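For reference, the structure is listed below as structure tokens.
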Amino acid sequence: MMLHEVASRSCEPSRRVSGLCIFYNPRMATTNQTLAAFFSQMADVLEILEGDRFRINAFRKITRVLEELPEDVAAIGPEVSKLSKIEGIGKSSAERIAEFLITGKMKDHDELLTKIPPTLLELREISGLGPKTIAMFWKEAGITSKAELAEKLKGDQLSNLPGMGEKKLENLRKSLTFSQTAGGRVRIGQAMPMAKWFVNKLRDLKTVKQCEFAGSLRRGKETIGDIDILVAADAKDAAAISEFFIKLDVVSQVLAHGETKSSVRTTDNLQVDLRVIEPSSFGAALMYFTGSKEHNILMRERAIKQHARLNEYGLYKDDAKTLVAAATEEEVYKALGLAWIAPTLREDRGEIALSEKGKLPALLKLSDIKAELHAHTTASDGMWSIRGLAEAAAEHGLEVVAVTDHSRSQFQANGLDEKRMEKHLVEIRKVADEMKKTITILAGTEVDILSDGKLDYPNSLLSQLDVVVASPHAALTQDPEKATTRLLKAIENPCVTILGHPTGRFVNRREGLSPDMKKIIAAAKARGIALEINANSWRLDLRDIHARMAIEAGVKLAINTDAHGPADLNELQYGILTAQRAGATKDDVINCLPKAELLKWLPSTRS
DNA sequence: GCCGTTTTCGGCCCGACTGTTTTCAGTCG
84 MMLHEVASRS CEPSRRVSGL CIFYNPRMAT TNQTLAAFFS QMADVLEILE GDRFRINAFR
144 KITRVLEELP EDVAAIGPEV SKLSKIEGIG KSSAERIAEF LITGKMKDHD ELLTKIPPTL
204 LELREISGLG PKTIAMFWKE AGITSKAELA EKLKGDQLSN LPGMGEKKLE NLRKSLTFSQ
264 TAGGRVRIGQ AMPMAKWFVN KLRDLKTVKQ CEFAGSLRRG KETIGDIDIL VAADAKDAAA
324 ISEFFIKLDV VSQVLAHGET KSSVRTTDNL QVDLRVIEPS SFGAALMYFT GSKEHNILMR
384 ERAIKQHARL NEYGLYKDDA KTLVAAATEE EVYKALGLAW IAPTLREDRG EIALSEKGKL
444 PALLKLSDIK AELHAHTTAS DGMWSIRGLA EAAAEHGLEV VAVTDHSRSQ FQANGLDEKR
504 MEKHLVEIRK VADEMKKTIT ILAGTEVDIL SDGKLDYPNS LLSQLDVVVA SPHAALTQDP
564 EKATTRLLKA IENPCVTILG HPTGRFVNRR EGLSPDMKKI IAAAKARGIA LEINANSWRL
624 DLRDIHARMA IEAGVKLAIN TDAHGPADLN ELQYGILTAQ RAGATKDDVI NCLPKAELLK
684 WLPSTRS
């Protein structure tokens, strides 16, 4: 219990320490995130101080591991032998983590941070400004913060420093301004339409033979740093294609422009990178630009072990001249003794070992989804009637749709009280009967999980419904322990079929609850209910790592759009990507069940 | 600092672009 409190206790005072506070996201809730920030800062400081680059890389890796670790390290406990079992964490860092879990402090971290001015790390947020230049600015010009940099950039005060020509300074001015206004990574739901727009524009060119988006967008990550676009074309056409790209009307700024590589910022502040490559290298390049970086490094190391070399142009034998594979991703993986790995799995989470053994999961596809089990109508805050929803669902090729409007506590969303819900139920049954030849309409609710874990309707009403999605909407800042108790209580209610968006987070906007997911998953398993991946790109809740935990525990997932209107059904793609990132097959997801089986599964959760 | 189907010591991915350089360092992905 003490350990669980460590994160919040150690975060709290840090916010009061002047200067230091800026490095902490005030919403940072978990021990893992706090520790990840510590290791990241140690890496940053070491870079500026020109420390050992392999040590820096080790800290960077630990940062990533901690950020993605599904389990709270506080729950693992301060035992060095257990902590050092985590991939990437050796004995010395296990000791640092244990020290933090016990005392709420990390001596090495604190000491390193005293070696630079506390605000110096702000400068890392400015693109084009790296550790070498930051160190020089600090030592040669006394710059220790963004504000001081801005001041010195106003005049010509930095032009006497080595390497600081007028153009460089002008770029720094722009980057600094941008870093002060930009919001960082954007939601996948924002990036995807823009990426598709660029891809379509480029595909219209006759000289473009293939065009795909790559990067974290292709891997289906919930947030995207920039959009990577890859074009296959003959070398002679590359320059013209790059020229076309940087002159598209949504481009507001050209960040870099070469023959084969260009980079722009769009009017809505997205960075888009274009790479033009020979068609014969398209597969190797697509692999390279899809990443992840960690996956690529493992692949290149694998190539080296096989006396070969892998880069974006292909896989070469050790004389670096004999091309072994390059045209398609499948070829390159095969040449390295691997089965093709889906982009959504390329995160260095064991996918290469699975591929080697031929044990990669058969990931589910969008077309495997047969049912939408969470959608709203005008009865609460939706935009369409029961019939309108059902028709739209049928047009999307679905066989089953559940009408799940909000319960009474969601008064701002026009939630239904018991009386209205009972009338609504009659109406749903009526429309269901009228449309039974088109689609199966189920009667349900998205019932609020109140802050104490009670549900917003009595079981006498809930038991009349086919689908009960129980979701938290309010009290989303309660502490992890309360949140866990709350959700466990809801899961134990015998009427619940699906736990909806379990954390209530909004990507990039609010943290939501941080319940003990291990306990939630175990309880869902015991009850036989499903955990939702809410596909809306604002939510994506469960997130990928938790969905993976659920699958590993044998818990069924539900992938629902939580649709309030026609556009929302298209968000299903993001739920699919998240499920794929968790390694889900169609057997893991109740929305993929054939109708007859789904109609049997739903009541089975009540027994 | 971490890791081990050639290693407990000796490795640790690779190339493009920019801006300032006369051959390269810094940054990025």
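Counting in the working numbering, the first sequence runs from 84 upward without gaps.
The beta carbon of each residue, even a glycine, is placed where N, CA and C say it ideally should be.
Note that the structure is a prediction, hence the values are computed from the model and not measured.
Three-state class that DSSP yields for residue i in the structure shown
i	result
residue 497	coil
residue 664	helix
residue 128	helix
residue 593	strand
residue 391	strand
residue 398	strand
residue 578	coil
residue 270	strand
residue 114	helix
residue 108	Unreliable positioning characterises residue 108 in this predicted model, as indicated by a pLDDT of 34, which lies under 50. A coordinate reading is not provided.
residue 306	strand
residue 616	strand
residue 523	strand
residue 439	helix
residue 446	strand
residue 314	strand
residue 145	helix
residue 293	strand
residue 554	strand
residue 430	coil
residue 133	coil
residue 679	helix
residue 458	strand
Nonlocal neighbours in the same chain, by C-beta distance under 6 Å from residue i, ignoring five residues either side
i	result
residue 343	321 and 359
residue 552	457, 487, 529, 581 and 583
residue 430	375
residue 540	490 and 530
residue 109	Note that residue 109 scores 33 on pLDDT, short of 50, meaning its location in the model is unreliable and no value can be drawn from it.
CB of residue i within 8 Å of CB of residue j, strictly
i	j	result
residue 421	residue 439	yes
residue 312	residue 351	no
residue 599	residue 158	yes
residue 453	residue 677	yes
residue 413	residue 424	no
residue 180	residue 262	no
residue 451	residue 492	no
residue 597	residue 117	no
residue 205	residue 229	yes
residue 367	residue 415	yes
residue 555	residue 587	yes
Anticipated Cβ contact below 8 Å, residue i with residue j, distance rounded
i	j	result
residue 580	residue 613	7 Å
residue 604	residue 573	Their Cβ separation, rounded to whole angstroms, is 14 Å, which puts residue 604 and residue 573 out of contact at 8 Å.
residue 618	residue 644	5 Å
residue 527	residue 509	Actually they do not touch by this definition, with Cβ atoms about 14 Å apart.
residue 522	residue 558	Between residue 558 and residue 522 the Cβ distance is about 36 Å, and since that is not below 8 Å, they are no contact.
residue 449	residue 271	With a Cβ gap of about 15 Å, residue 449 and residue 271 do not count as contacting.
residue 293	residue 318	Residue 293 to residue 318, Cβ: 15 Å. No contact.
residue 345	residue 325	5 Å
residue 499	residue 490	7 Å
residue 298	residue 372	6 Å
residue 200	residue 631	With 8 Å as the limit, residue 200 and residue 631 do not qualify as a contact, their Cβ atoms being about 41 Å apart.
Beta-carbon contacts of residue i that lie in its chain and below 7 Å, excluding the five residues immediately before and after
i	result
residue 151	628
residue 145	122, 171, 172 and 176
residue 534	557, 558, 561 and 569
residue 638	604, 607, 608 and 614
residue 138	129
residue 178	163
residue 247	241
residue 340	325 and 329
residue 301	373 and 426
Own chain, CB closer than 8 Å to residue i, minus 5 neighbours either side, in chain order
i	result
residue 323	290
residue 461	467 and 468
residue 268	306, 307, 308 and 591
residue 667	444, 446, 447, 630, 634 and 640
residue 542	576, 577 and 578
Cβ-heavy atom distance, residue i to the ligand ATP, below 7 Å
i	result
residue 674	The ligand ATP is absent from the structure shown, which contains no ligands of any kind.
Of all the alpha helix (DSSP H) runs that stay within the bounds of the segment 153–240, which reach a length of 4 or more residues? Positions of the alpha helix (DSSP H) runs, each at least 4 residues long and wholly inside the segment 153–240, are given as 156–159, 163–166, 174–186, 190–196, 214–224 and 229–237 in order along the chain.
Just to confirm the assignment: which complete beta strand (DSSP E) runs, minimum length 3, are found wholly within the segment 471–519? Within the segment 471–519, the complete beta strand (DSSP E) runs of at least 3 residues are 483–489.
Which complete alpha helix (DSSP H) runs does the segment 332–382 hold, if anything under 4 residues is left out? Entirely contained in the segment 332–382, the alpha helix (DSSP H) runs reaching 4 residues are, in chain order, 365–373.
Could I get the ranges of all uninterrupted alpha helix (DSSP H) runs contained in the segment 625–677, with 4 residues as the minimum, in chain order? Under the rule that a run must span 4 or more residues, the alpha helix (DSSP H) segments found entirely inside the segment 625–677 read 627–635 and 655–664.
Mind pulling the beta strand (DSSP E) runs of 3 or more residues that sit fully within the segment 528–573? Scanning the segment 528–573 from its first residue to its last, the whole beta strand (DSSP E) runs of 3-plus residues come out as 550–554.
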